[in-house]
């Protein structure tokens, strides 16, 4: 547990020190970096890479027609910190690359609605009608913490594990039903529920990785643990996601990237028993999940995609000329 805390604290310290230093750099550096990244992307000859990046940019930013921002849109020049340093640093590193006179709408935090106008945000409902929700890679410090899992799948315990705070009714319903189930080690770790029968002690990530199956259950929006589970040697169990972020949860395929559970968890026991017996099939899904996670590990490419998402946003809202890469028009 102490080792996990040290890794997390080191991860946070590096993020904040590096982030604060970087957003203090002259704006001209960010403009030059954006031009360099766009030029290198235009000149690279990998058609497959081009298609992959185009697909991601247009997934995050699904604006198809020109849009007009309302009067309450803010100028980049006026952007300031709202509560969270984590969101501020991530947003600032994108915005510094563009003209201070450009305007935008922004919703920080856990977003569960679809706004009426094109808005930059971290999360959105998975829907066919969410084009006004434009995703950026925000709050990276919380959602993109990965671990090195050295325990092979076959050597892990044949149980499903979960720990977390049950502030939402659907989480409370789950732990109240399964906290004593013989195939589960699950519980609410929040101190305010310490007198409830489903309360359990905190478990570190390393301790959870001793189990073959780890539950990912959405909270306010997406589940924070989904990324590190899919990057591990354990198998992710979850209901079909209802919200998505930069991780593109809406593109995850049940039975290929994770094990889909019924919304009422009525098939949980059956699926734990099935994948306990079918190790080869389980291992294949784990490897698919690992490969999916690797898509998001190229820092330079991730920043390029974020800048392209914003470029499209400013083009579609009529604030700048097209850059001519042919990615969205």
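Numbering (the numbering used here), first residue to last: 11 to 339. C-beta atoms are modelled at their ideal positions from N, C-alpha and C, and glycine is treated no differently.
Inter-residue Cα distance where the pair is residue i and residue j
i           : j           : result
residue 43  : residue 334 : 18 Å
residue 129 : residue 144 : 6 Å
residue 200 : residue 177 : 9 Å
residue 343 : residue 287 : The displayed coordinates of the chain run from 11 to 339. Any statement about residue 343 would go beyond what the structure contains.
residue 321 : residue 115 : 14 Å
residue 208 : residue 179 : 14 Å
residue 257 : residue 206 : 34 Å
residue 325 : residue 125 : 19 Å
residue 297 : residue 305 : 13 Å
residue 53  : residue 64  : 15 Å
residue 329 : residue 135 : 27 Å
residue 337 : residue 70  : 13 Å
residue 24  : residue 35  : 17 Å
residue 249 : residue 283 : 17 Å
residue 86  : residue 166 : 49 Å
residue 168 : residue 271 : 17 Å
residue 118 : residue 29  : 18 Å
residue 197 : residue 228 : 15 Å
Buried/exposed call for residue i, threshold 16 Cβ in 10 Å
i           : result
residue 275 : buried
residue 233 : buried
residue 285 : buried
residue 61  : exposed
residue 151 : buried
residue 59  : exposed
residue 91  : exposed
residue 273 : exposed
residue 202 : exposed
residue 204 : exposed
residue 173 : buried
residue 137 : exposed
residue 255 : buried
Cβ pair residue i, residue j closer than 8 Å
i           : j           : result
residue 127 : residue 80  : yes
residue 221 : residue 171 : yes
residue 263 : residue 251 : no
residue 245 : residue 295 : yes
residue 253 : residue 133 : yes
residue 318 : residue 67  : yes
residue 269 : residue 238 : no
residue 113 : residue 33  : no
residue 73  : residue 141 : yes
Nonlocal neighbours in the same chain, by C-beta distance under 6 Å from residue i, ignoring five residues either side
i           : result
residue 40  : 106 and 107
residue 182 : 176
residue 211 : none
residue 235 : 226
residue 148 : 97, 100 and 132
Chain-order list of residues whose beta-carbon lies under 8 Å from that of residue i (same chain, five-residue window excluded)
i           : result
residue 310 : 47
residue 139 : 124
residue 240 : 246, 267, 268, 299, 300, 302 and 303
residue 22  : 151
7 Å Cβ shell around residue i - same chain, five flanking residues per side excluded
i           : result
residue 292 : 163, 245 and 285
residue 339 : 332
residue 242 : 157, 159 and 219
*Quick one: any contact between the stretch 265 to 279 and the stretch 186 to 196, if contact means 3 or more CB pairs under 8 Å?*
The stretch 265 to 279, when compared against the stretch 186 to 196, does touch it at the 8 Å Cβ threshold.
### the stretch 149 to 165 touching the stretch 102 to 110, judged by at least three CB pairs closer than 8 Å
No: the two stretches stay apart, fewer than three of their Cβ pairs being nearer than 8 Å.
Under 8 Å, with one C-beta from each stretch per pair, do the stretch 80 to 91 and the stretch 296 to 304 reach the 3-pair mark? No contact exists between the stretch 80 to 91 and the stretch 296 to 304.
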